[in-house]
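Trainee: Going from the sequence shown to this note's numbering is simple: count from 1 and add 4.
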Amino acid sequence: MDEPHTHAEEKQAPQRKRQNNSDIDDHEPQPKRARLTRKNLAGFDKMGKKKNSDPSDDSGSTKTKTASTTTSGFAVKARNNGILESAYSKPPTNLEDLRRRQAKSRATASPPESVYNDYVDRVEGAGNEATVVVQTSELLKKYPKGYRQAYNRAFTNLLDDVGFNNGLSAPQPDFVEGLEAEEYRPFPADDHIPGAALYRDDPRSITLPQIAGEWKGPAGDMREARMQSAYDGAAMVHARNQALA
Numbered sequence: 005m006d007e008p009h010t011h012a013e014e015k016q017a018p019q020r021k022r023q024n025n026s027d028i029d030d031h032e033p034q035p036k037r038a039r040l041t042r043k044n045l046a047g048f049d050k051m052g053k054k055k056n057s058d059p060s061d062d063s064g065s066t067k068t069k070t071a072s073t074t075t076s077g078f079a080v081k082a083r084n085n086g087i088l089e090s091a092y093s094k095p096p097t098n099l100e101d102l103r104r105r106q107a108k109s110r111a112t113a114s115p116p117e118s119v120y121n122d123y124v125d126r127v128e129g130a131g132n133e134a135t136v137v138v139q140t141s142e143l144l145k146k147y148p149k150g151y152r153q154a155y156n157r158a159f160t161n162l163l164d165d166v167g168f169n170n171g172l173s174a175p176q177p178d179f180v181e182g183l184e185a186e187e188y189r190p191f192p193a194d195d196h197i198p199g200a201a202l203y204r205d206d207p208r209s210i211t212l213p214q215i216a217g218e219w220k221g222p223a224g225d226m227r228e229a230r231m232q233s234a235y236d237g238a239a240m241v242h243a244r245n246q247a248l249a
């Protein structure tokens, strides 16, 4: 005797809808499905990492490599670009005016000797460059709104290979200060003077800076600091020459 069928057994699974052959282009190659193997999964993982990599990373591109201020050969490249050591540099045309200004009496009273002694003690006890930066930057003059300071920030808006920086990375001084771009308005300084604003895509970028500097820690190389400062200064002079042209 046959066993009775239940309602669940009688219900058939829905059939998958068949695609009409007329909807498929006979001449169009159909994609081939990859098998789910360890080898294929590893390949997919590499593809995903490549697509999601940092777009600013040009390590795999054909972009010409540049020398930074800390790499071997920078000093020679800088000299070939016209950046001279102090012994071979000509004095500025307004040297006498600068000397007269520096010889003037200061408008405010000088700090007492104890302030200088405290400063010497703090700097001599600094164990690295970052500590020296903090201890010395406290002595820098504070300015009102519109005059900015920046620390260890590269000049990202400087054009490549304009002469003094041929084959070199962008200057990145430990310290730089000057008016921000907004203070020059309504005159659009960076539109008329290439590289006047130091930082790209920054409406409050320091523009045509007044001074830049380098610090070194207890084990720092002062020759390297002088070369870095010369490169920073060359960038500032280049922008001001463009402004005066």
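Think of the CB as a built atom: it goes at the ideal place given N, C-alpha and C, for glycine as much as any other residue.
Starting from the C-beta of Asn-170, find all residues in its chain whose C-beta is less than 6 Å away, skip the five residues before and the five after it, and write them out in chain order.
Mentor: These residues qualify, in order along the chain: Asn-85.
Trainee: From the DSSP output, in three-state form, read off Ala-71 for me.
Mentor: Here Ala-71 sits in strand by DSSP.
Trainee: Counting Cβ pairs, one atom from each stretch, are 3 or more of them under 8 Å apart for the segment 158-168 and the segment 124-131?
Mentor: These segments do not touch.
Trainee: Are the CB atoms of Gly-199 and Asn-243 within a distance shorter than 8 Å?
Mentor: Residue identity check: residue 243 is Ala in the sequence provided, not Asn. Yes, Cβ-Cβ distance for Ala-243 and Gly-199 is below 8 Å.
Trainee: Can you tell me the Cα-Cα spacing of Leu-212 and Ala-71, whole angstroms?
Mentor: Using only the alpha carbons, I get a separation of about 24 Å.
Trainee: Within its chain, find whatever has a CB closer than 8 Å to the CB of Ser-26; leave out the 5 residues flanking it on each side and keep chain order.
Mentor: Note that Ser-26 scores a pLDDT of 47, beneath 50, so its modelled location is shaky; the value from the coordinates is reported in the next line. The answer is none, since no qualifying residue turns up.
Trainee: Mapping the DSSP letters down to three states, classify Gly-237 as helix, strand or coil.
Mentor: The answer is helix: DSSP assigns Gly-237 an H, G or I state.
Trainee: I need the DSSP call for Phe-78, collapsed to helix, strand or coil.
Mentor: Three-state DSSP puts Phe-78 in a helix.
Trainee: Please classify Ala-328: is it buried, with 16 or more other beta-carbons within 10 angstroms of its beta-carbon, or exposed?
Mentor: Past the boundaries of the shown model lies residue 328; the chain is included only from 5 to 249, so the question cannot be answered.
Trainee: Leaving out the 5 sequence neighbours to the left and right, which residues in its chain are closer than 6 Å to Ser-233 when beta-carbon positions are compared?
Mentor: Counting only Cβ-Cβ distances below 6 Å, and skipping sequence neighbours, we find Glu-218.
Trainee: Would you kindly work out how many angstroms separate the C-alpha atoms of Ala-174 and Val-180, rounded to a whole number?
Mentor: When rounded, the distance between both Cα atoms is 14 Å.
Trainee: Taking C-alpha atoms, which residue in Ser-93, Gly-77 and Thr-74 lies nearest to Gly-237?
Mentor: Measuring from the Cα of Gly-237, the nearest candidate turns out to be Ser-93.
Trainee: How big is the Cα-Cα spacing for Ser-90 and Pro-96?
Mentor: Using only the alpha carbons, I get a separation of about 12 Å.
Trainee: Quick one: what does DSSP say Leu-172 is sitting in, helix, strand or coil?
Mentor: Here Leu-172 sits in strand by DSSP.
Trainee: Helix or strand or just coil, what does DSSP make of Tyr-151?
Mentor: Three-state result, Tyr-151: strand.
Trainee: Could you check whether Thr-73 and Met-231 sit closer than 8 Å to each other, using their CB atoms as the reference points?
Mentor: Yes.
Trainee: May I ask which residues mark the beginning and end of the beta strand (DSSP E) holding Leu-99?
Mentor: Counting along the chain, Leu-99 falls outside any beta strand (DSSP E), though it belongs to the alpha helix (DSSP H) covering 99-107.
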